[in-house]
Amino acid sequence: MFLLVSRPFLRSNLFSISNNLRPRFLSKDVDGSLLSRLKFDVKDAMKNKDQLKLNVVRGLLSDITYASKSSTSKPFLASDNEIYEIISRAIKRRQESIDQFSRANRLDLVENESSELLLLNSYLPQQMSVQEIELEVVKVIDQFDLGDVGIKDLGKILKKLNLDNARAPKKTVVEVVKKVLSSRKT
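The sequence shown runs 0 to 185 under numbering that gives the first Met the number 0.
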């Protein structure tokens, strides 16, 4: 037995199914967000034939798509903070590549990676200085009255320290906390 279905019905159902298969972050595009800026920059780079910018931004959008599909434990909303984390990872990869290429004496690749690094840094907000991070650490130690603190209290302080990862990289924050703790110990 065959079921006769009209073509408009089939098209409307296929359209609704295809919309459900789109990556989750594409449907929640809010103007003014970092994601919409990246999408605009792809179009702009295509129009201006800026191959370097196009490759970097396409790579970021690819990383965002991958993160949206692979996050099984929590939903990926493509918020600016999550995108900043993806950009930070891309920056870290470029820095490692620059280090390896410079050791191998491949200056052409170092130059390419350096220009990509500069482009990626333009998407991050302005970084906090070491002095600003140090003030925040001292403020947390004084606020929670931790008293005699040492290096063993590093975890407690890092939990209570609520800094934006995009503005203050974790590695820098840990180094500053260790420095403050060692100076207070003496």
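Yeah, the Cβ is synthetic: ideal placement off N, Cα and C, and Gly gets one too. These figures come from a predicted structure and were not determined experimentally.
Item to check | GLU95, buried or exposed, once every other Cβ within 10 Å from all chains shown has been counted against 16 | outcome: Position 96 of the sequence shown holds residue 95. Exposed.
Checklist entry - For the alpha helix (DSSP H) that ASN111 lies in, which residues bound it at each end? => result As a position in the sequence shown, residue 111 is number 112, starting the count at 1. That run of the alpha helix (DSSP H) goes 106-120.
Checklist entry - Are LEU118 and LEU51 touching if we call contact CB-CB under 8 Å? => result As a first step, residue 118 is located in the sequence shown; it is residue number 119 there, counting from the start. As a first step, residue 51 is located in the sequence shown; it is residue number 52 there, counting from the start. Yes; because the gap between Cβ atoms is below 8 Å, this pair is in contact.
Checklist entry - Going along the chain, which unbroken runs of the alpha helix (DSSP H) with 4 or more residues stay wholly within the region 38-102? => result 50-69 and 79-102
Item to check | Endpoints, the alpha helix (DSSP H) within which LEU155 is located | outcome: Indexing the sequence shown from 1 puts residue 155 at position 156. Position check: residue 155 holds Lys in this sequence, whereas Leu was assumed. Looking at the DSSP string, the run of the alpha helix (DSSP H) that includes LYS155 is 153-159.
Checklist entry - Over what stretch of residues does the alpha helix (DSSP H) that includes ILE140 continue unbroken? => result Counting from one through the sequence shown, the residue named residue 140 turns up at place 141. Here the alpha helix (DSSP H) through ILE140 covers 129-142.
Next on the checklist: Let me confirm a value: ALA103 is counted as buried when at least 16 other C-beta atoms fall within 10 Å, else exposed. Which label applies?
Outcome noted: Position 104 of the sequence shown, counted from the first residue, corresponds to residue 103. With fewer than 16 other Cβ atoms within 10 Å, it is exposed.
Checklist entry - Taking all protein chains shown into account, do 16 or more other C-beta atoms lie within 10 angstroms of the C-beta of ARG199, making it buried, or fewer, making it exposed? => result In the structure displayed, the chain extends from 0 to 185; residue 199 sits before or after that span and is not available.
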